[in-house]
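A.B. asks: Each number in this note's numbering corresponds to the 1-based position in the sequence shown with 205 added.
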Amino acid sequence: MKKLFALAVALCMAITILPSGAMAIEQGDARVTIGADLDEQQRAQVYADFGIKQGEVTEIKVTNADERAYLEGIAPEKKIGKVALSCTYIVITEPGTGLQITTKHINWCTAQMYINALTTAGITDAKVMITAPFDVSGTAALTGIYKAYEDITGESLSEIAKAVGVEELITTGSLAEYIGSDEAAQLVNGLKEILDQTQTMTDEEVKAEIRNLCKAYNVSLTEGQIDQLLSLCRSLEKLDVSALKEKLVGIAKTVDNAGKISQTVSKIGESVKSFFASVGDFFARLFGGK
206 MKKLFALAVA LCMAITILPS GAMAIEQGDA RVTIGADLDE QQRAQVYADF
256 GIKQGEVTEI KVTNADERAY LEGIAPEKKI GKVALSCTYI VITEPGTGLQ
306 ITTKHINWCT AQMYINALTT AGITDAKVMI TAPFDVSGTA ALTGIYKAYE
356 DITGESLSEI AKAVGVEELI TTGSLAEYIG SDEAAQLVNG LKEILDQTQT
406 MTDEEVKAEI RNLCKAYNVS LTEGQIDQLL SLCRSLEKLD VSALKEKLVG
456 IAKTVDNAGK ISQTVSKIGE SVKSFFASVG DFFARLFGGK
């Protein structure tokens with residue numbers, strides 16, 4: 206009886222000392238973030254984009270002040286603006302599924318930029334829809350996703366990681382205007398892959414590595430842009446470098462799976478077109494080409 210009592214006490218203690226957020230996040234948990242400056246008609250439009258009704262999912266308002274807390278000093282003033290318009294809908298998915306991002310009316314940030322920045326900030330395994338009532342840059346959406354994820358988990362993400370995630374998004378977006386979005390994302394990810402080496406390098410040595418990456422990806426950057434990547438590199442080095450490299454593998458798998466799905470859909474489409482073409486040929490022959 207004493208042994209049984211001791212076992213029960215031990216079990217209770219084990220449960221008590223579990224991390225508070227260990228069971229805070231579950232598959233299917235969802236939040237909507239709404240720009241505080243949207244009117245009712247715009248809010249209705251956003252919910253229609255998300256495919257849900259108002260009230261079905263917990264809603265969080267995001268203000269321009271919230272956005273500035275992360276973007277000011279990193280993003281150009283014209284990208285921040287004076288109002289909060291970007292909206293997001295995040296749904297937690299099964300562990301290992303990665304980030305699935307879709308956008309609408311976002312004309313500066315791409316889905317891959319969001320995936321990279323959110324992964325850096327520590328957010329994985331979720332479906333995220335980002336939209337606005339009209340075309341916007343999308344930089345402020347990152348703030349909404351941060352707030353939504355923290356509300357779901359009940360825990361705060363690392364402030365350093367969030368800041369670096371924003372810096373990564375802005376740096377990648379700025380480079381994308383010059384060399385293209387895919388090339389910019391590849392260049393930044395290439396930089397992440399050598400962080401374990403850059404930690405012990407001088408600034409000039411890191412710049413030399415950045416130039417080597419530019420050659421590898423067949424892109425040309427100005428000295429100012431190389432300095433921008435150097436700054437991002439030093440910020441990334443403040444995070445868990447090993448964890449970042451592991452996450453890069455996860456991103457690669459997600460992109461590969463998306464590519465396979467796209468190829469499968471394409472093949473199905475070709476098969477369907479081929480089928481109907483055959484049917485058309487059959488009836489053409491049957492009715493003498495009429």
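The C-beta atom is built at its ideal place from N, Cα and C for all residues, glycine as well.
With a cut-off of 8 Å, do at least 3 Cβ pairs link the stretch 439-456 to the stretch 415-427?
C.D. replies: no
A.B. asks: Rounding to the nearest angstrom, what Cα-Cα distance links Glu410 and Gln404 in this structure?
C.D. replies: 11 Å
A.B. asks: Less than 8 Å between the CB atoms is what I'm expecting for Leu434 and Thr376, so what's the real figure, rounded?
C.D. replies: 7 Å
A.B. asks: From Lys412, Asp445, Asp356, Val424, pick the residue whose C-alpha is nearest to that of Ala381; which is it?
C.D. replies: Val424
A.B. asks: Between Ser363, Tyr383, Ala389, Ile257, which lies nearest to Thr324 when the distance is taken from Cα to Cα?
C.D. replies: Per the Cα distances, Ser363.
A.B. asks: Can you tell me which residues form a DSSP beta bridge with Gly240?
C.D. replies: Val267
A.B. asks: Cutting at 8 Å between CB atoms, please list the residues of its own chain near Glu442, excluding the five before and the five after it.
C.D. replies: Leu400, Thr403, Gln404
A.B. asks: Please say whether Glu372 and Ile239 have beta carbons closer to each other than 9 Å?
C.D. replies: no
A.B. asks: Between Asp330 and Ala274, what straight-line distance do the alpha-carbon atoms span, to the nearest angstrom?
C.D. replies: 25 Å
A.B. asks: Measure the alpha-carbon distance for Gly327 versus Asn321 and round it to whole angstroms.
C.D. replies: Straight-line Cα distance between these residues: approximately 10 Å.
A.B. asks: Is the separation between the beta-carbon of Arg236 and that of Ala366 shorter than 9 Å?
C.D. replies: no
A.B. asks: Rounded to whole angstroms, what is the Cα-Cα separation between Ile384 and Gly260?
C.D. replies: Looking at the backbone, the Cα of Ile384 and that of Gly260 are separated by about 42 Å.
A.B. asks: Whole angstroms are fine: how far does the CA of Lys450 sit from the CA of Leu304?
C.D. replies: 16 Å
A.B. asks: Rounded to the nearest angstrom, what separates Lys287 and Ala241 at their Cα positions?
C.D. replies: 11 Å
A.B. asks: Pro281 to Thr268, Cα distance in whole Å?
C.D. replies: 18 Å
A.B. asks: Do you know how far the Cα of Gly349 is from the Cα of Asn394?
C.D. replies: 24 Å
A.B. asks: Could you spell out where the alpha helix (DSSP H) holding Ile285 opens and where it closes?
C.D. replies: 282-285
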